[in-house]
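So the protein sequences, as listed, match chains A and B.
So that you can map any letter, position 82 of the first sequence is 82 in UniProt numbering, and since no number is skipped, the others follow by simple counting.
So that you can map any letter, position 13 of the second sequence is 13 in UniProt numbering, and since no number is skipped, the others follow by simple counting.
Notes to accompany the following structure.
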Amino acid sequence: MNIRNNIVLRQKLAAEYVLGTLRGGARRRFETWLHQDADLRRLTAEWQQRLAPMAEFAGDAQPPKSVWRAIERRLGLERKASAWQFWLNENLAFWRSLGMVSTGLAALLLVVVVTRVADAPAISYVATLTDDKSQSAMLVTADQRHKALEVRLLSAAPVAPDKSLHLWAVPKSGNPRSLGVLASNRGSFPLTDKAIGADVALLAVTLEPKGGSPDPNGPTGPIVYKGAWMRL
Amino acid sequence: MCVNLSRSVAPFRPVTLLHQGSAVSIAVHSLDPQQLKIWLMAAGKRDAAAFRALYDASSSKLFGFALRILHKRELAEEILQESYVAIWNNAANYQSHLAAPMTWMATIVRNKAFDHLRRTDAVVEIDAQQFDGDVMNALQDPQATPIEALQMSGDAKALAWCMSALEGAHRQVVALAYFHDLSHSEVAAQLKLPIGTVKTWIRRSLDKLRVCLARREQA
């Protein structure tokens with residue numbers, strides 16, 4: 001049956017499809033047409049828009065709190081968000097109190113970097129990441145001339161062969177942004193705004209499965225090193 | 001960044017009042033589709049706080065809807081949960097030019113509820129005589145009854161207005177089909193009407209609704 005030129009029939013079928021009274025073979029046929037017919041899809045969406053507000057005629061009813069908790073648990077929302085937020089708040093306070101010391105340390109390390117590199121990079125940011133005992137473990141420099149982010153392990157604990165170190169920029173709010181995965185004890189990554197944007201609060205390195213975090217939205221493993229950018 | 005959207009606006013919170021022994025939720029503001037859209041799109045970008053705000057704003061409406069379809073509280077809770085999981089998982093595919101956020105979410109709830117009933121072969125008791133009498137009565141004379149007080153979105157108010165212009169029996173036929181996933185013949189059996197009559201009433205009612213809603217939109 002050709003319904004393309006029969007606008008009355010098209011309206012009727014779309015409406016009854018949405019209402020639910022189009023059944024069986026007629027419904028399946030209609031769904032096949034929907035795939036091939038953008039205008040029919042538009043008509044159907046319009047009918048959804050017309051009839052769906054009937055849902056509100058049912059009146060409101062407050063669902064129990066357990067429903068949200070179950071949704072949160074199933075989607076893993078609470079754990080991820082609050083753990084990062086807690087970690088970030090704690091660390092921001094720590095780094096603010098340590099600002100002076102870090103700047104001194106960064107400046108010292110910078111001398112080492114600059115004198116060793118022949119093609120003198122324009123280092124604009126530097127960060128020394130420390131481990132849980134506040135030992136310097138990693139040096140990160142941002143070279144704006146070469147648009148490069150250089151990472152070097154200083155005195156790191158060995159990484160198991162099935163693991164990788166993953167570097168992140170942690171913004172003041174929102175998910176951490178992946179900067180790169182270290183293949184060896186040093187790495188070079190392209191420098192973009194996601195690494196040195198004004199909203200970046202900290203840099204962090206997590207221990208992840210080989211190749212980096214499997215979750216596109218953030219780390220899955222523990223934080224092994226962390227530190228803040230120092231602008232030079 | 002999308003993650004900050006949810007913090008820049010005060011979240012909508014339904015207030016629960018005790019009314020004749022049952023919890024009645026009264027929305028403080030009417031549902032603003034623009035706000036819901038912002039939250040839904042942010043949820044599509046994995047913003048958990050925006051998703052929470054979306055849930056707080058819409059869950060009492062969608063739970064009321066699920067309850068009306070399923071009648072059983074526990075089952076309605078389960079379907080509501082399923083629906084919000086699907087909303088989160090599909091939020092990135094939401095196309096705002098095709099459907100208002102409430103339309104999109106209500107369609108998910110309706111499909112989940114009907115899927116469940118079909119899968120379990122469950123029979124929902126339908127009292128056609130008394131069916132939705134409360135709501136339908138409230139809609140019969142929108143001049144006299146405060147549609148505003150029903151706390152419906154603008155879309156729902158427009159539809160209520162246009163449905164109130166239908167004959168009572170015609171309106172009941174449309175609502176039975178919509179809320180209970182009934183075919184022409186099932187509606188006919190419920191209301192003890194000839195199937196041809198049901199088909200005609202539905203076709204005419206849908207035509208009238210389309211014309212009436214278009215007219216309201218132009219006005």
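By construction, the Cβ of each residue, glycine as well, lies at the ideal position given by its N, Cα and C atoms.
### Validate contact between the segment 30 to 42 of chain B and the segment 98 to 113 of chain B using beta carbons, cut 8 Å, 3 pairs
Under the Cβ criterion (8 Å, minimum of three pairs), the segment 30 to 42 of chain B counts as touching the segment 98 to 113 of chain B.
### Message
According to DSSP, L140 of chain A sits in a beta bridge with which residue or residues?
### Response
If you number the first sequence from 1, residue 140 of chain A lands on position 140. Strictly speaking, residue 140 of chain A in this sequence is Val, with Leu absent from that position. Its beta-bridge partners are A:A127, A:V151.
### Message
Here's the rule: buried if 16 or more other CB atoms are within 10 angstroms of the residue's CB, otherwise exposed. What is E208 of chain A?
### Response
Within the first sequence, the letter at position 208 stands for residue 208 of chain A. Looking at its Cβ environment, which holds 16 or more other Cβ atoms inside 10 Å, E208 of chain A is buried.
### Task
Using a Cβ-Cβ cut-off of less than 8 Å, list which residues of the segment 4 to 29 of chain A approach chain C; keep chain order.
You won't find chain C in this structure, because its protein chains are A and B.
### Query
A48 of chain B: which of B:K61, B:I79, B:N89, B:H71 sits nearest, CA to CA?
Taking the second sequence and counting its residues from 1, one reaches residue 48 of chain B at position 48. A48 of chain B has its Cα closest to that of B:N89, out of B:K61, B:I79, B:N89, B:H71.
### Message
Tell me which residues of the segment 26 to 57 of chain A have at least one Cβ-Cβ distance to chain B shorter than 7 Å, keeping chain order.
### Response
Residues A45, Q48, Q49, R50, L51, A52, P53, M54, A55, E56, F57.
### Query
Taking Cβ positions only, does W68 of chain A come closer than 8 Å to chain B?
What you label residue 68 of chain A is simply residue 68 of the first sequence in a count that begins at 1. For W68 of chain A, the closest Cβ of chain B is nearer than 8 Å.
### Message
By the DSSP assignment, the alpha helix (DSSP H) with R4 of chain A in it spans what residues?
### Response
Taking the first residue of the first sequence as 1, we reach residue 4 of chain A at position 4. Looking at the DSSP string, R4 of chain A is not in any alpha helix (DSSP H), and its letter there is neither H nor E.
### Query
Cα separation between Y94 of chain B and V159 of chain A?
As a position in the second sequence, residue 94 of chain B is number 94, starting the count at 1. As a position in the first sequence, residue 159 of chain A is number 159, starting the count at 1. One C-alpha to the other measures close to 42 Å.
### Message
Need the endpoints of the alpha helix (DSSP H) that I87 of chain B sits in, please.
### Response
Residue numbering aside, residue 87 of chain B sits at position 87 when the second sequence is read from its first letter. Unbroken alpha helix (DSSP H) run through I87 of chain B: 73 to 90.
### Query
DSSP on Y55 of chain B, reduced to helix/strand/coil?
Taking the second sequence and counting its residues from 1, one reaches residue 55 of chain B at position 55. If DSSP states are grouped into helix, strand and coil, Y55 of chain B belongs with the helices.
### Query
Taking the C-alpha atoms as reference points, what is the distance between R10 of chain A and G211 of chain A?
Within the first sequence, the letter at position 10 stands for residue 10 of chain A. Within the first sequence, the letter at position 211 stands for residue 211 of chain A. If you draw a straight line from the Cα of R10 of chain A to the Cα of G211 of chain A, it is about 53 Å long.
### Task
Please classify H116 of chain B: does DSSP put it in a helix, a strand, or coil?
Within the second sequence, numbered from 1, the residue matching residue 116 of chain B stands at position 116. Note: H116 of chain B maps to helix in three-state DSSP.
### Query
Whose Cβ in chain A lies nearer than 7 Å to the Cβ of G64 of chain B?
The residue you call residue 64 of chain B lines up with position 64 of the second sequence. For G64 of chain B, the residues of chain A that pass the 7 Å Cβ criterion are A58, G59, D60, A61, in the order they occur in the chain.
### Task
Can you tell me which of the three DSSP states E16 of chain A falls into?
The sequence position of residue 16 of chain A within the first sequence is 16, counting from 1. Three-state result, E16 of chain A: helix.
### Query
What residue does the alpha helix (DSSP H) around P33 of chain B start on, and which one ends it?
Locating residue 33 of chain B in the second sequence gives position 33, where the first residue counts as 1. If you look at P33 of chain B, you'll find it in the alpha helix (DSSP H) that goes 33 to 44.
### Task
Identify each residue in the segment 207 to 232 of chain A for which the Cβ-Cβ distance to at least one residue of chain B is less than 7 Å, and report them in chain order.
Within the segment 207 to 232 of chain A, the qualifying residues are N217.
### Query
Would the segment 47 to 64 of chain A and the segment 154 to 168 of chain B be scored as touching if the rule is three or more Cβ pairs under 8 Å?
The segment 47 to 64 of chain A is in contact with the segment 154 to 168 of chain B.
### Message
Given a cut-off of 8 Å on the beta-carbon distance, is the pair L129 of chain A and V18 of chain A in contact?
### Response
On the first sequence, residue 129 of chain A is found 129 positions in, with the first residue counted as 1. On the first sequence, residue 18 of chain A is found 18 positions in, with the first residue counted as 1. Their beta carbons are not under 8 Å apart, which means L129 of chain A does not touch V18 of chain A by this criterion.
### Proximal chain B residues relative to L75 of chain A, where beta-carbon distance stays under 9 Å
The residue labelled residue 75 of chain A in the question sits at position 75 within the first sequence. Result: A48, F51, Y84, V85, W88, N89.
### Query
Whole alpha helix (DSSP H) runs in the segment 9 to 80 of chain A with 4 or more residues, listed along the chain?
24 to 36, 38 to 51, 65 to 75, all fully within the segment 9 to 80 of chain A.
### Message
Quick check on this structure: which residue in B:A214, B:A43, B:A53, B:R52 has the alpha carbon closest to the alpha carbon of D155 of chain B?
### Response
In the second sequence, counting from the first residue as 1, residue 155 of chain B sits at position 155. Checking every option, the nearest Cα to that of D155 of chain B belongs to B:A214.
### Task
Using only alpha-carbon positions, find the residue among A:W68, A:K226, A:G59 that is nearest to V140 of chain A.
Within the first sequence, the letter at position 140 stands for residue 140 of chain A. The shortest C-alpha separation from V140 of chain A is found at A:K226.
### Message
Tell me which residues of the segment 191 to 219 of chain B have at least one Cβ-Cβ distance to chain A shorter than 7 Å, keeping chain order.
### Response
Going along the segment 191 to 219 of chain B in chain order, one finds I202, R203, L206, L209, R210, L213 with a Cβ nearer than 7 Å to chain A.
### Message
Beta-carbon within less than 6 Å of E16 of chain A's beta-carbon, same chain only, minus the 5 sequence neighbours each way: which residues are those?
### Response
Position 16 of the first sequence, counting from 1, holds the residue named residue 16 of chain A. Leaving aside the five residues that flank E16 of chain A on each side, the residues in its chain whose CB is nearer than 6 Å to its CB run, in chain order, L22.
### Message
Beta carbons nearer than 8 Å to chain B: which residues of the segment 173 to 184 of chain A have them?
### Response
Going along the segment 173 to 184 of chain A in chain order, one finds S173, G174, N175 with a Cβ nearer than 8 Å to chain B.
### Query
Between L165 of chain A and L182 of chain A, what straight-line distance do the alpha-carbon atoms span, to the nearest angstrom?
Here residue 165 of chain A refers to the residue found at position 165 of the first sequence. Here residue 182 of chain A refers to the residue found at position 182 of the first sequence. Approximately 5 Å, taken between the alpha carbons.
### Cα-Cα separation between R13 of chain B and K45 of chain B, rounded to whole angstroms
Working through the second sequence from its first residue, we reach residue 13 of chain B at position 13. Working through the second sequence from its first residue, we reach residue 45 of chain B at position 45. Residue placement at R13 of chain B is flagged as unreliable, the pLDDT there being 33, under the threshold of 50; a coordinate-derived value is accordingly withheld.
### Query
Do the CB positions of F189 of chain A and L202 of chain A come within less than 8 Å of each other?
One-based indexing of the first sequence puts residue 189 of chain A at position 189. One-based indexing of the first sequence puts residue 202 of chain A at position 202. No, Cβ-Cβ distance for F189 of chain A and L202 of chain A is not below 8 Å.
### Bounding residues of the beta strand (DSSP E) (the contiguous stretch that carries W168 of chain A)
As a position in the first sequence, residue 168 of chain A is number 168, starting the count at 1. Looking at the DSSP string, the run of the beta strand (DSSP E) that includes W168 of chain A is 163 to 171.
### Message
Taking the beta carbon of P63 of chain A as the centre, do at least 16 other beta carbons fall within 10 Å, making it buried, or is it exposed?
### Response
Mapped onto the first sequence, residue 63 of chain A falls at position 63. By the neighbour-count rule (16 or more Cβ atoms within 10 Å), P63 of chain A is buried.
### Message
I want to verify the contact list: residues of chain B whose CB lies under 7 Å from the CB of E71 of chain A, in sequence order.
### Response
Residue numbering aside, residue 71 of chain A sits at position 71 when the first sequence is read from its first letter. The question names Glu, but residue 71 of chain A in the sequence shown is Ile. Neighbourhood of I71 of chain A in chain B, by CB distance below 7 Å: Q81, Y84, V85, in chain order.
### Task
From the DSSP output, in three-state form, read off A204 of chain A for me.
Translated into positions along the first sequence, residue 204 of chain A becomes position 204. DSSP places A204 of chain A in strand when its eight states are reduced to three.
### Query
Would the beta-carbon of L191 of chain A fall within 8 Å of that of L149 of chain A?
Position 191 of the first sequence, counted from the start, is the residue given in the question as residue 191 of chain A. Position 149 of the first sequence, counted from the start, is the residue given in the question as residue 149 of chain A. Using a Cβ distance threshold of 8 Å, L191 of chain A and L149 of chain A count as a contacting pair.
### Query
Pick from A:D215, A:A26, A:V151: whose alpha carbon is nearest that of N175 of chain A?
Counting from 1 along the first sequence, the entry for residue 175 of chain A is found at position 175. Nearest option by C-alpha distance: A:D215.
### Query
From what residue to what residue does the beta strand (DSSP E) around residue 248 of chain A run?
Outside the displayed range of chain A (1 to 232) lies residue 248 of chain A, so it cannot be described from this structure.
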